[in-house]
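In this note's numbering, the protein residues as written are 77 to 121.
Listed below in structure tokens is the structure:
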């Protein structure tokens with residue numbers, strides 16, 4: 077999750093029924109910086 081991998085992919089790889097099960101781990105993911113947010117919104121990987 078810290079590497080911004082799609083939660084659906086993580087859930088599927090972990091054998092979880094949905095991404096809701098990942099919510100308890102969300103607090104380990106740092107917030108995006110403004111620069112990183114802009115980069116993702118522009119579709120630049």
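The beta carbon of each residue, even a glycine, is placed where N, CA and C say it ideally should be.
Note that the coordinates shown come from a computational prediction; the quantities given were computed from them, not determined experimentally.
Segment limits, alpha helix (DSSP H) that includes residue i
i, result
"residue 86", "83-90"
"residue 113", "110-117"
Member of the options whose CA lies at the smallest distance from the CA of residue i
i, options, result
"residue 101", "86, 109, 110 and 120", "86"
CB contact flag (residue i, residue j, <9 Å)
i, j, result
"residue 79", "residue 104", "no"
"residue 116", "residue 108", "yes"
C-alpha gap between residue i and residue j, whole angstroms
i, j, result
"residue 96", "residue 83", "9 Å"
"residue 120", "residue 111", "11 Å"
"residue 88", "residue 94", "8 Å"
"residue 92", "residue 113", "27 Å"
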